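K.L.:
Oh and the sequence shown: position 157 is 496 in the working numbering, straight run, nothing missing.
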Amino acid sequence: MLNRLSVRWTLILFALTACILLIATATLVSGIHYHFQMVQNELPGDTAMTSDWGLHLEMAIVESILWTLLGALLLAMVVSTYVARRISAPLIEMKYAAEAMTRGRFTARIAGQSRDELGQLSQAINHLAERLQQQENLRVSMTDNIAHELRTPLTTLKSHMIALKDGIWEPTPERLESCYEEIDRLAGLVNDLQELNELGTPEFGMAFTDVWIDEVLNESIQVMQAAYHEKKVHLAADLAAGVRMKADAHRMKQVFVNLLSNALKFTPSSGRVKVELRENANYIEILVADNGIGISPDDLPYIFERFYRADKSRGRETGGSGIGLAIVRTIVEAHSGEVWAESGDKGSRFQLCFPK
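So, in structure tokens, the structure goes:
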């Protein structure tokens with residue numbers, strides 16, 4: 340069954356072929372007629388017989404040409420239909436795939452890709468569908484995580500308030516402190532969301548100055564030292580001295596504290612976290628490595644997405660809100676840098692690379 344696009348292509352190709360054949364036929368018939376007239380005028384003898392003979396021969400040749408033209412037109416119709424289908428088939432398939440994606444079916448894919456430009460377009464559409472599917476999965480996960488992050492402290496607060504209201508609990512400092520902690524947790528989540536949103540806007544600028552990045556890294560380590568000591572996790576540093584770069588010192592400190600905090604969460608007691616700073620002719624490289632629980636290969640591509648948590652079974656204390664690494668990536672990219680993670684069966688490595 341021909342679709343409208345195939346019909347249009349068929350008519351265009353057939354019309355083009357027919358025009359070429361008709362022009363060629365008209366030229367050929369005119370040439371034959373002209374040459375027969377010349378021959379008749381030059382032949383001696385009975386002019387009437389010669390003219391009659393020439394007319395019959397000319398008609399026979401013209402008739403043969405017309406039958407050939409008809410056959411050529413029929414063949415042109417068949418070939419045009421075949422070519423039109425070959426051209427329109429991938430376009431129609433792309434149309435159906437695009438329509439499926441507009442309806443939210445991001446699993447639609449285009450099969451039978453060729454190596455020409457249409458094949459490249461098919462690959463691009465398939466890649467777009469994959470990215471849309473990933474974003475949809477992240478959206479669902481993000482919605483679930485936001486609901487979870489908000490529901491837990493609100494439920495706790497509600498139960499505490501009901502208990503206080505009904506006189507089941509006395510408003511002791513400890514119980515009020517518990518309510519305050521839940522309120523503080525909610526406020527922190529809202530602040531993180533607002534900060535992440537601001538970091539992604541063009542209006543938000545970084546205060547770039549010449550900073551000694553090794554000193555900023557040392558300050559970040561000092562901030563986290565007490566938490567590491569409390570959990571009995573060894574924090575080691577191997578920092579090149581006198582490393583200078585254009586950066587927002589406050590934001591870079593935020594990056595380092597986030598990475599150190601993330602490493603601490605997923606490293607057990609008696610574990611080890613190491614921080615390295617290296618400088619070469621072209622780049623400044625920073626490494627935060629731990630020997631903790633590691634990250635699944637399936638989760639690695641998404642850990643820098645908003646609200647993504649690698650292990651959905653982790654609790655609030657270890658899982659976090661899933662915003663910290665998204666903030667890290669946003670700040671690093673604002674410094675024209677790159678950040679990525681590597682992980683095996685045990686332990687993770689977060690690497691940052693900044694051009695000089």
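Even for Gly, the Cβ is constructed at its ideal location relative to N, Cα and C.
Remember, predicted model here, so these are calculated numbers, not experimental data.
#1: First and last residue of the beta strand (DSSP E) that includes Glu-677?
#2: Going by DSSP, what residues sit across from Pro-492 in a beta bridge?
#3: Give the range of the alpha helix (DSSP H) segment to which Arg-590 is assigned.
#4: Are the Cβ atoms of Ala-579 and Arg-611 separated by less than 8 Å?
#5: Using C-beta distances below 7 Å, list every residue in its chain close to Val-368, excluding the 5 sequence neighbours before and after it, in chain order.
#6: Let me make sure I understand the geometry here. Which of Lys-592, Ile-662, Leu-350, Arg-688 has the alpha-carbon closest to that of Gly-527?
#7: Cα separation between Tyr-435 and Leu-409?
#8: DSSP has Ile-507 in a bridge; who is on the other side?
#9: What would DSSP say about Thr-446, mapped onto helix, strand or coil?
#10: Can you tell me which of the three DSSP states Glu-554 falls into?
#11: Identify the continuous alpha helix (DSSP H) that holds Ala-620 and give its terminal residues.
#12: Skipping 5 residues on each side, what residues in its chain have a beta carbon closer than 6 Å to that of Ala-673?
#13: Just to confirm the assignment, what range does the beta strand (DSSP E) spanning Leu-639 have?
#14: Within a Cβ cutoff of 7 Å, which residues of the same chain sit near Leu-598, ignoring the five residues on either side of it in sequence?
#15: Excluding five sequence neighbours on each side, which residues of the same chain lie with their C-beta closer than 7 Å to the C-beta of Ile-449?
#16: Does the beta-carbon distance from Val-562 to Ala-586 come in below 8 Å?
#17: Can the beta-carbon of Thr-420 be found closer than 8 Å to that of Thr-356?
#18: Out of curiosity, what's the CA-to-CA distance linking Trp-508 and Ala-502?
#19: Ends of the beta strand (DSSP E) at Ala-576?
P.N.:
Once the coordinates are examined:
#1: Counting from one through the sequence shown, the residue named residue 677 turns up at place 338. Looking at the DSSP string, the run of the beta strand (DSSP E) that includes Glu-677 is 677-682.
#2: Within the sequence shown, the letter at position 153 stands for residue 492. Answer is none; Pro-492 lacks a bridge partner.
#3: Position 251 of the sequence shown, counted from the start, is the residue given in the question as residue 590. Where Arg-590 is concerned, the enclosing alpha helix (DSSP H) starts and stops at 588-604.
#4: Locating residue 579 in the sequence shown gives position 240, counting from the first residue. Locating residue 611 in the sequence shown gives position 272, counting from the first residue. Contact check for Ala-579 against Arg-611 fails: the beta carbons are separated by 8 Å or more.
#5: Position 29 of the sequence shown, counted from the first residue, corresponds to residue 368. If we look at Val-368 and ignore the five residues flanking it on each side, its Cβ neighbours are Val-401, Ile-404.
#6: Position 188 of the sequence shown, counted from the first residue, corresponds to residue 527. The candidate whose alpha carbon is nearest that of Gly-527 is Ile-662.
#7: Taking the sequence shown and counting its residues from 1, one reaches residue 435 at position 96. Taking the sequence shown and counting its residues from 1, one reaches residue 409 at position 70. Their backbone Cα atoms lie some 37 Å apart in a straight line.
#8: On the sequence shown, position 168 is the one that residue 507 refers to. For Ile-507, no pairing in a beta bridge is given by DSSP.
#9: Taking the first residue of the sequence shown as 1, we reach residue 446 at position 107. Coil at Thr-446, not helix or strand.
#10: Locating residue 554 in the sequence shown gives position 215, where the first residue counts as 1. DSSP, reduced to helix, strand and coil, places Glu-554 within a helical segment of the structure shown.
#11: Locating residue 620 in the sequence shown gives position 281, where the first residue counts as 1. Taken as a continuous stretch (DSSP letters only), Ala-620 belongs to no alpha helix (DSSP H), as it is neither H nor E.
#12: Stepping through the sequence shown from its first residue, residue 673 is reached at position 334. Taken in chain order, the residues that qualify are Met-545.
#13: Walking along the sequence shown from the start, residue 639 turns up at place 300. Careful: Leu-639 lies outside any beta strand (DSSP E) and carries neither H nor E.
#14: If you number the sequence shown from 1, residue 598 lands on position 259. Contacts found: Val-627, Val-667, Phe-689.
#15: If you number the sequence shown from 1, residue 449 lands on position 110. Around Ile-449: Glu-432, Met-433, Ala-436, Ser-461, Ile-464, Asn-465.
#16: Counted from its first residue, the sequence shown places residue 562 at position 223. Counted from its first residue, the sequence shown places residue 586 at position 247. Not a contact, by the Cβ cut-off of 8 Å.
#17: Taking the sequence shown and counting its residues from 1, the one referred to as residue 420 is at position 81. Taking the sequence shown and counting its residues from 1, the one referred to as residue 356 is at position 17. Contact flag unset, no.
#18: Position 169 of the sequence shown, counted from the first residue, corresponds to residue 508. Position 163 of the sequence shown, counted from the first residue, corresponds to residue 502. Rounded to the nearest angstrom, the two C-alpha atoms are 5 Å apart.
#19: Taking the first residue of the sequence shown as position 1, residue 576 is located at position 237. Ala-576 -> beta strand (DSSP E) spans 573-578.
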